[in-house]
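Working notes, beginning with the structure itself.
Residue numbers (UniProt numbering): 1 to 139.
Here's what the structure looks like:
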């Protein structure tokens with residue numbers, strides 16, 4: 001078996017990971033995670049909480065970041081850490097894009113450790129969810 005070696009540099013970008021957001025996505029996520037919370041399912045509850053409507057779960061945004069990394073990595077490595085901050089809601093009808101760029105690369109024993117600055121932005125380029133991640137690339 002031949003392993004593909006990644007050629008990476010600081011500031012290299014991950015491919016964009018795009019998702020349309022809305023009640024259908026939130027309902028599926030809630031069903032899998034038993035997370036049926038009114039503010040994520042009911043517009044009136046979302047408005048009562050100070051938002052324009054119901055809004056998507058923070059953990060769903062985190063999972064988009066994780067999925068973006070997993071899709072890029074394939075079997076060539078593993079995810080060591082993903083963290084993010086929820087700075088803006090994702091409301092119905094938004095197009096969300098996970099983006100990321102390499103912020104550091106270092107050799108560690110049996111693998112190469114790559115750290116990314118990650119973020120999720122809406123269709124207008126507003127950053128809703130800044131974060132970072134570290135992956136281990138196979139040698």
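Just so it is clear, CB atoms sit at the ideal spot from N, CA and C, and this is done for glycine as well.
Inter-residue Cα distance where the pair is residue 85 and residue 130
Those two C-alpha atoms are separated by around 6 Å.
Determine the burial state of residue 36: buried for a count of at least 16 other Cβ atoms within 10 Å of its Cβ, exposed for fewer.
Its Cβ having fewer than 16 others within 10 Å, residue 36 is exposed.
Provide the residue(s) that pair with residue 19 in DSSP beta bridges, ordered along the chain.
Beta-bridge partners assigned by DSSP to residue 19: 96.
Following a CB-centred definition, is residue 32 positioned closer than 7 Å to any heavy atom of the ligand FMN?
By its list of ligands, the structure shown contains no ligand whatsoever, and the ligand FMN lies outside what it can speak to.
Helix, strand or coil: how does DSSP classify residue 28 here?
Residue 28: helix per DSSP, three-state reduction.
When you compare the CB positions of residue 26 and residue 60, do they come within less than 8 Å of one another, or not?
For residue 26 and residue 60, yes; Cβs fall inside 8 Å.
Below 8 Å between beta carbons: does that hold for residue 38 and residue 31?
Using a Cβ distance threshold of 8 Å, residue 38 and residue 31 do not count as a contacting pair.
Please name the residue, chosen from 48, 23, 122, 52, that lies closest to residue 95 on a Cα-to-Cα basis.
Across the set 48, 23, 122, 52, the C-alpha of 122 shows the shortest separation from the C-alpha of residue 95.
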